Amino acid sequence: MVGLRERKKQRTRQALIEAALRLFDDKGFEETTLAEIAARADVSTRTFFSYFASKEDVVFYDTHERLEMAVTTLATRRPGDSVTGVLLRIIEQSFEQAAAYEGLTPEDAALRARLILTEPALQARALLLLFDSQIRISKALYEAFPERLTQEDAAAAVGALIGAIKLAAMVNLEHHRSLEEVWAVARRASEVALSGLRTLD
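Counting in this note's numbering, the sequence shown runs from 6 upward without gaps.
What follows is the structure in structure tokens.
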């Protein structure tokens, strides 16, 4: 059971995320200051730094958690699991987490996605995080299936799967579809990629 102190920390973190997203939407990402985010969340700037190191970190608040979930799933694969079976499990877990909006409203979740797609600073950070995440996941995939995959196989599989999902989602965000429609497109992209990856099984 989560204690009172931890619940308070979760509420403060959530308030900072929501305040930042609303301000980015109202004023623009570059124009919004950390002090304004803290004030909107009714905390001090010092408190902001207890949760996040920068404005970019607020937008990508769940990246580390999602990466660790994927790596853990690979490290604890079950006997008899296929390569694509484990990758599918990771994708489904990621979609379930995204569908819950991490405590955000659907509107804020869609706003966050649009910011990542359109803000140059966030686009650059997203590419860096994507590259680092793919390297870690491909390494974990190879270590989970050393008898079946080469390191190159694992890297190609992860690149194909994540690339298909990310590109399909980003293309559809430009069409102003709802977040639910974008997730449906992303799921379809994962199915297309996994069908090709079944040769690894």
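Beta carbons are placed, not taken as given, at the ideal position from N, Cα and C, and that holds for glycine. Quantities reported herein were computed from a predicted structural model and do not represent experimental measurements.
*Reducing DSSP to helix, strand and coil, say where Leu135 ends up.*
Taking the first residue of the sequence shown as 1, we reach residue 135 at position 130. Leu135: helix per DSSP, three-state reduction.
*Is it a yes or a no for the region 76-96 touching the region 42-52, going by three-plus beta-carbon pairs under 8 Å?*
no
*On the three-state DSSP scale, how would you describe Pro111?*
Translated into positions along the sequence shown, residue 111 becomes position 106. DSSP places Pro111 in helix when its eight states are reduced to three.
*Measure the C-alpha to C-alpha separation of Arg10 and Ala43 and round it to an integer number of angstroms.*
As a working mapping, residue 10 is identified with position 5 in the sequence shown. As a working mapping, residue 43 is identified with position 38 in the sequence shown. Those two C-alpha atoms are separated by around 20 Å.
*Would you report the Cα separation of Thr121 and Arg153, rounded to the nearest angstrom?*
Taking the first residue of the sequence shown as 1, we reach residue 121 at position 116. Taking the first residue of the sequence shown as 1, we reach residue 153 at position 148. Going by the sequence as given, residue 121 is Ile instead of Thr. Going from the Cα of Ile121 to the Cα of Arg153 covers about 36 Å.
*asked:* Please classify Asp113 as buried or exposed, where buried requires at least 16 other C-beta atoms within 10 Å of its C-beta.
replied: Counting from one through the sequence shown, the residue named residue 113 turns up at place 108. Buried: at least 16 other Cβ atoms inside 10 Å.
_Identity of the residue in Asp137, Leu28, Val163, Arg18 nearest Ile96 by Cα_ = Within the sequence shown, numbered from 1, the residue matching residue 96 stands at position 91. Ranking the options by Cα distance to Ile96, first place goes to Val163.
*In chain order, what residues of the same chain lie with their CB nearer than 8 Å to the CB of Val48, ignoring the 5 residues before and after it?*
Locating residue 48 in the sequence shown gives position 43, counting from the first residue. Only Thr17, Ala20, Leu21 meet the Cβ criterion.
*Determine, using beta carbons only, whether Arg117 and Leu39 come nearer to each other than 8 Å.*
Within the sequence shown, numbered from 1, the residue matching residue 117 stands at position 112. Within the sequence shown, numbered from 1, the residue matching residue 39 stands at position 34. No, the Cβ-Cβ distance between Arg117 and Leu39 is not below 8 Å.
*Rounded C-beta distance between Leu172 and Leu93? I'm assuming under 8 Å.*
As a working mapping, residue 172 is identified with position 167 in the sequence shown. As a working mapping, residue 93 is identified with position 88 in the sequence shown. With 8 Å as the limit, Leu172 and Leu93 do not qualify as a contact, their Cβ atoms being about 19 Å apart.
*Return the chain-ordered list of same chain residues with a C-beta closer than 8 Å to the C-beta of Leu28, the five sequence neighbours on each side being excluded.*
For this step, residue 28 is matched to residue 23 along the sequence shown. Contacts found: Thr37, Glu41, Ile42, Arg45.
*Does DSSP classify Phe57 as helix, strand or coil?*
Here residue 57 refers to the residue found at position 52 of the sequence shown. Coil.
*Note the first and the last residue of the continuous alpha helix (DSSP H) segment covering Thr78.*
Numbered from 1 along the sequence shown, position 73 holds the residue referred to as residue 78. Residues 68-80.
*Report the three-state DSSP secondary structure of Arg192 (helix, strand or coil).*
Indexing the sequence shown from 1 puts residue 192 at position 187. Looking at Arg192 - three-state DSSP - the assignment turns out to be helix.
*Do you know how far the Cα of Glu35 is from the Cα of Ser138?*
On the sequence shown, position 133 is the one that residue 138 refers to. On the sequence shown, position 30 is the one that residue 35 refers to. Looking at the two C-alpha atoms, the distance is approximately 26 Å.
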